[in-house]
Structure formats: C-alpha cells, structure tokens
Amino acid sequence: MKSLGHLESYQVTLTVLTPIFVGSGQELKKNEYIHLRESNKIIVPNFGKLMDYLFSKQLDDAYQRFILGKERPLRDFLRENKVKVEDYQQFADYEIYDVNEIIENRSLKGIQQFVKDNMGYPYIPGSSLKGAIRTAILTEKLRLGVDFEQSYWIKDISNATIPSFDKKKVMNWAQSLEKNILHTLPISAKADDAINSIMKGIAISDSQPIAKNRLTIVQKIDARIDGKAKPLPIFRECLMPETELEFTLTLDRQIMTQSGVDVDYIKKALQRHYQWQQEIYLQQFPLLSTEKAITNQGTIMYLGGGVGFPHKTILHAAVGKKKGFEISAEIMDNLFRKHYHKTYARKYKIAPHTKKLTQYKGQYCQMGLCQFVVK
1 MKSLGHLESY QVTLTVLTPI FVGSGQELKK NEYIHLRESN KIIVPNFGKL
51 MDYLFSKQLD DAYQRFILGK ERPLRDFLRE NKVKVEDYQQ FADYEIYDVN
101 EIIENRSLKG IQQFVKDNMG YPYIPGSSLK GAIRTAILTE KLRLGVDFEQ
151 SYWIKDISNA TIPSFDKKKV MNWAQSLEKN ILHTLPISAK ADDAINSIMK
201 GIAISDSQPI AKNRLTIVQK IDARIDGKAK PLPIFRECLM PETELEFTLT
251 LDRQIMTQSG VDVDYIKKAL QRHYQWQQEI YLQQFPLLST EKAITNQGTI
301 MYLGGGVGFP HKTILHAAVG KKKGFEISAE IMDNLFRKHY HKTYARKYKI
351 APHTKKLTQY KGQYCQMGLC QFVVK
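Laid out in structure tokens, this is it:
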C-alpha cells in the first residue's frame with residue numbers, strides 16, 4: 001500500500017478461476033477467422049495486414065465478392081485462391097487453441113469477442129471491477145441490517161402483490177435502495193445526487209493488458225436444477241483460468257472513513273457475497289458439485305458477463321430468500337414468458353431455475369469466478 005495525502009493506493013491481483021467474459025459488443029463471423037482443424041486452433045486475422053496481403057496477390061476483388069456473398073468460412077476462400085497455410089502468419093493477429101469441438105458445432109453462428117484496448121490486447125475495464133465491488137458492498141450492508149429511517153423500499157417490495165411486478169418498477173426500487181445505502185456523503189443538498197455516493201471514494205484503474213494467448217472460447221450452457229444441461233448457440237472469447245490481471249485500487253480516506261468501508265471491508269464483502277450465493281442458490285444445482293474446492297482459495301468474487309442474474313442483484317439480500325425467489329420468478333416470467341419461471345419456482349422453491357454455466361477442459365463450471373488479492 002502507498003499513501004499520498006488522504007489517498008491510499010493498493011495493488012490488486014485477480015487470478016481467473018473459471019472463464020471470464022467482458023464483451024466488446026463485437027462478434028466474429030465464420031468469414032472473419034480461419035479454422036485450422038488439423039492444428040485444433042483458429043487464427044484471427046489482422047484485417048489491415050490481410051488486405052495488404054490480398055492486394056499483393058491481386059486477390060482483393062475476389063475477397064470483396066467472397067465477403068458480399070453467402071457467409072462461408074474464411075479458410076474456404078483462402079484454399080480456393082491457393083493461399084498457403086504457411087502464409088497465414090503474415091496476416092495473423094492471434095491464435096486460440098483447443099477449438100475443434102466448438103467450431104464444428106452446427107449451431108455456431110458467431111463468437112462474441114472479449115473487450116480489447118487500442119493496441120488489440122484484452123483487458124478488463126476498472127468499471128467492471130468497481131461494479132462488482134459495489135454490488136458486494138450493497139449486499140453486505142443489507143445483510144448486516146442497515147437501519148433505514150426511510151426504508152419504504154423494503155417494506156413496499158416485501159408486502160407487494162407479486163403479479164404487480166414489472167422490470168421498470170423493480171429498477172426504480174433498486175435505485176431508491178441504492179441511494180439510501182450509498183448516498184450518505186453530505187456534499188450535495190440533493191440526496192439523490194451521485195456526488196453523495198460513497199463509491200466516489202473508490203477509484204480502480206483498467207487492468208494491465210493481457211497476452212492474447214490467454215484467450216479461449218467457451219459455450220454458454222443452461223444447467224437445470226434437475227441436473228440436466230442444455231448447451232445454447234452462444235459462444236464467447238474468454239480469459240482462461242490461471243490468467244492474472246493487475247489493477248490499481250485507490251481509496252480516498254476522507255470519504256471512506258465516513259462510510260466505514262476500507263480494504264478489509266471490501267474483501268469481506270466480496271467473499272460473503274460469494275458465500276451468500278452458495279447458500280441461497282448454487283447448492284441446489286448438481287452440476288456444480290465439482291466446484292467445492294474453490295471456497296478454499298481466499299477471497300472469491302464474480303466478474304464479467306454470463307454469470308447470471310442472481311449474482312448481480314441485491315434482491316435476496318434486501319427481502320430475504322423466499323420473497324427474493326418469488327419476485328425473481330415474476331421478473332423472469334415477464335421477461336421470458338415461454339420459460340415457465342413461476343411454475344418452476346413453485347415446484348423447486350428457487351428462481352431462476354437454471355444456472356448459467358460453461359465447460360472448460362471437459363468440466364462444468366460457473367462463469368466469472370476469480371480470486372481477489374490486495375497488496
């Protein structure tokens with residue numbers, strides 16, 4: 001830890017335990033990567049270098065016809081135009097290995113890409129980590145029984161008739177609750193002004209760039225409470241387990257002292273949030289029995305996309321397990337009417353009744369688990 005006046009700076013290391021996905025919003029189509037089945041890998045081209053190569057071989061017009069035509073694998077175009085495999089490295093950006101089973105999946109329509117910096121290297125934005133810490137702090141303060149004089153939110157949502165719930169109403173309640181918990185600084189006279197939030201005292205840098213060879217591809221899988229699994233046609237570039245990421249965490253001591261939040265509080269909040277998910281939700285899914293050893297690896301947290309609704313909500317901490325599942329079922333039923341969430345909630349006393357998983361090296365695992373270490 002380093003101190004500079006009222007600022008405290010810490011080095012944070014995140015170690016990936018299960019695949020982590022932070023999406024860029026972009027997707028690789030089959031005509032944008034090269035699948036080398038014989039090498040069990042894909043090559044993602046640098047498209048600037050690819051175009052230079054094609055111009056040098058007078059293949060630019062042929063490539064334009066290929067792109068404008070029916071979508072086909074890029075390697076088909078390269079073979080048809082007699083581009084040698086050994087030439088691929090002239091326009092390769094990066095390679096991802098162990099992909100044959102996934103790439104040959106008939107449902108594969110595209111690969112959602114991981115976020116990358118201006119130089120093309122994967123990284124995790126500091127805002128992603130800060131958002132996860134925010135959720136953990138909210139959960140911790142709710143579970144410790146914060147005394148809200150204006151706790152109309154909890155009373156209202158706890159006593160509400162379930163069929164009245166809709167997404168907009170719940171979002172408004174959540175925002176009101178967050179303001180009651182976090183907007184406690186006496187900076188602005190307006191209570192709902194974000195400048196009053198204790199999160200103003202937490203700053204987190206983007207991670208250091210990550211080597212491109214730390215990327216892998218995984219498929220989204222819905223695990224059911226009855227032990228069955230359903231692979232979905234959603235494929236993602238993810239950071240593979242054992243990848244390490246470095247961040248800088250800066251706390252404003254003047255602000256954090258007023259809130260009662262320090263580094264130890266953050267670590268405890270993250271770990272308890274993970275344990276809370278285990279207790280109320282995850283223990284009921286048989287396919288996760290292989291993950292029990294993770295609890296012995298220090299401070300564990302969820303990060304990124306694809307982890308599932310329960311791990312990013314404060315609902316259960318606010319209103320309790322039973323009511324939380326009832327409200328979750330109503331929300332899910334309104335959003336996904338064909339999935340019978342309320343029916344399954346009545347049967348299994350849980351909602352949602354599916355858990356978002358993936359497979360890595362033949363084992364089912366959650367998305368987005370990592371170890372949080374502060375120095």
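Position 334, counted from 1, in the sequence shown is what my numbering calls 334; the numbers after and before it change by one each time, with no gaps.
Glycine included, each C-beta is placed from N, C-alpha and C at the ideal position.
Here the structure is a predicted model, which is why all the values come from computation and not from measurement.
Whole angstroms are fine: how far does the CA of residue j sit from the CA of residue i?
i: T139; j: G23; result: 25 angstroms
i: F309; j: L282; result: 12 angstroms
i: L74; j: Y33; result: 6 angstroms
i: I111; j: E27; result: 5 angstroms
i: K356; j: Q175; result: 25 angstroms
i: R50; j: L59; result: Contrary to the premise, residue 50 reads as Leu rather than Arg in this sequence. C-alpha separation (whole angstroms): 10 angstroms.
i: Q208; j: K349; result: 43 angstroms
i: K30; j: Q284; result: 38 angstroms
i: I266; j: I327; result: 28 angstroms
i: K84; j: K57; result: 12 angstroms
i: K268; j: D76; result: 53 angstroms
i: S3; j: T250; result: 9 angstroms
i: Y63; j: Y53; result: 11 angstroms
Check residue i in the structure and name its three-state DSSP category.
i: Q58; result: coil
i: F309; result: helix
i: E8; result: strand
i: A318; result: helix
i: T18; result: coil
i: D98; result: coil
i: E140; result: helix
i: D264; result: helix
i: P45; result: strand
i: K349; result: coil
i: E237; result: strand
i: D252; result: strand
i: F372; result: strand
Between residue i and residue j, which are expected to be in contact by the criterion C-beta below 8 angstroms, what is the C-beta distance as a whole number of angstroms?
i: I96; j: G304; result: Not a contact, Cβ separation roughly 18 angstroms.
i: V16; j: L232; result: Between L232 and V16 the Cβ distance is about 22 angstroms, and since that is not below 8 angstroms, they are no contact.
i: F372; j: M256; result: About 17 angstroms separates the two Cβ atoms, so there is no contact after all.
i: I42; j: V99; result: 5 angstroms
i: T422; j: C365; result: Nothing in the structure corresponds to residue 422, since the chain is present only between 1 and 375.
i: V261; j: V374; result: Rounded, the Cβ-Cβ distance is 13 angstroms, inconsistent with contact.
Use the C-beta contact count for residue i: other C-beta atoms within 10 angstroms, 16 or more gives buried, fewer gives exposed.
i: F379; result: Residue 379 lies beyond the residue range present for the chain, which begins at 1 and ends at 375; the question has no answer from this structure.
i: A194; result: exposed
i: A189; result: exposed
i: N180; result: buried
i: R236; result: buried
i: F386; result: Lying before the first or after the last residue shown, residue 386 is absent from the chain, which here runs from 1 to 375.
Q. Do three or more CB pairs link the stretch 199 to 208 to the stretch 76 to 93 at distances below 8 angstroms?
A. No: the two stretches stay apart, fewer than three of their Cβ pairs being nearer than 8 angstroms.
(Q) Measuring CB atoms only, is the stretch 323 to 334 touching the stretch 298 to 315, in the sense that at least three cross pairs come out at less than 8 angstroms? (A) Yes, the stretch 323 to 334 is in contact with the stretch 298 to 315.
Q. Are at least three pairs of beta-carbons, each pair with one atom in the stretch 178 to 196 and one in the stretch 58 to 77, less than 8 angstroms apart?
A. Contact between the stretch 178 to 196 and the stretch 58 to 77 is absent: fewer than three C-beta pairs spanning the two stretches fall below 8 angstroms.
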